[in-house]
Every structure is written in structure tokens, then in C-alpha cells.
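**Student:** When the letters of the sequence shown are read in order and numbered with our numbering, they come out as residues 579 to 633.
Think of the CB as a built atom: it goes at the ideal place given N, C-alpha and C, for glycine as much as any other residue.
Owing to the predicted nature of the structure, the values given are computational and were not obtained by experimental measurement.
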Amino acid sequence: MENKVCPILECSIDEGLCFDICMVAEGVAPERTVPREANKPNMNEICLECKYHKN
Ligand code: SF4
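1. Please go through the same chain and pick out, in chain order, the residues whose beta-carbon is closer than 7 Å to the beta-carbon of P585, but skip the five residues on each side of it.
2. Got a sec? Which residues, its chain only, sit under 7 Å from K582 by beta carbon, not counting five neighbours each side?
3. When the Cα atoms are used, what is the spatial distance from V606 to E588?
4. Report yes if the C-beta of P585 is less than 8 Å from at least one heavy atom of the ligand SF4; otherwise report no.
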């Protein structure tokens, strides 16, 4: 499987955490469901434009 490097976390990310962050970026899950280091001011924008984004 491809090693995904998340542009928000700036490190590799597993499918589960990527999904959780995508759900927050989509506005369907609260920010508290992702680790604090993902809560950057432009997190939603970065995630929505990321090539790995799922919606
Ligand atoms: S889709 Fe979002 S959470 Fe997943 S790798 Fe890209 S920026 Fe990170």
C-alpha cells in the first residue's frame, strides 16, 4: 500500500486517521474527534484539496 504523507500532520498517516480528519474537514464530525496537532487554522482547506481526500 502507498505510504500516504498527510500535508496537515507532515508525516505518514493511516487510513483510519485520514478518514477521521476528512470527516472533520467535511463538517460532519466535531474537531475533538481528531488529534490536537491536526487542528490547524487551515486544516479544512488543506484536507479538502488533498489528493487523498475522501467525501
Ligand atoms: S485527505 Fe486530509 S487527512 Fe488525509 S492525507 Fe490528505 S490532508 Fe491528510
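**Tutor:** The structure says:
1. Cβ within range, chain order: I624, C628.
2. Here the set comprises S590, I591, C596, Y630.
3. Between V606 and E588, the C-alpha separation is close to 23 Å.
4. With a threshold of 8 Å, the Cβ atom of P585 counts as near the ligand SF4, since some heavy atom of the ligand is closer than that.
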